[in-house]
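See below for the structure under consideration.
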Amino acid sequence: MAAITEFLGTGRRKTAIARVRIASGSGKITVNGRPFETYFPTDTLRMVVSQPLAATAMAGKFDIRVNVQGGGPNGQAGAVRHGIARALLESDINLRPTLKSEGLLTRDSRKRERKKYGQPGARKRFQYSKR
Numbered sequence: 222m223a224a225i226t227e228f229l230g231t232g233r234r235k236t237a238i239a240r241v242r243i244a245s246g247s248g249k250i251t252v253n254g255r256p257f258e259t260y261f262p263t264d265t266l267r268m269v270v271s272q273p274l275a276a277t278a279m280a281g282k283f284d285i286r287v288n289v290q291g292g293g294p295n296g297q298a299g300a301v302r303h304g305i306a307r308a309l310l311e312s313d314i315n316l317r318p319t320l321k322s323e324g325l326l327t328r329d330s331r332k333r334e335r336k337k338y339g340q341p342g343a344r345k346r347f348q349y350s351k352r
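Positions 222 to 352 (this note's numbering) are the ones given, in order, by the sequence shown.
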């Protein structure tokens, strides 16, 4: 039995976490068991997800299986992008300068600020009445 070599990458963005597995294949991308075209309905999100593949010219060389949880569509797309970039790096260390210069290996650490007590949101205050 020949073992299929899979490369793993974990991507995170906001509250979304994506576990990405890439194996050599025809370029099929599956997200949570669905084709990536149906999972990410807009062209913008699809472009974000396929950015690491376009930057490294690996578009048709890998089959990608993604398991993503948490967050919304934008956060999930960002997490998948980060995971794919990390998995590509696992497969070939020589891709590092390309991925790094495109900023695809950097974890976007921006998160939602917590709501504080005594006010309706993170920064918004209740209306002040002088009289």
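C-beta: ideal position from N, C-alpha, C; glycine also.
- Residue 256 sits exposed, since fewer than 16 C-beta atoms from the chains shown fall within 10 Å of its C-beta.
- Boundaries of the alpha helix (DSSP H) harbouring residue 307: 294–312, taken from the DSSP string.
- At a Cβ-Cβ threshold of 9 Å, residue 305 and residue 232 count as neighbours.
- In the structure shown, residue 320 falls within a helical segment according to DSSP collapsed to helix, strand and coil.
- Residue 347 is classed as exposed because its beta carbon has fewer than 16 other beta carbons within 10 Å across all chains shown.
- If the five residues before and after residue 328 are omitted, its C-beta is found closer than 7 Å to the C-beta atoms of 233 and 303, all from its own chain and listed in chain order.
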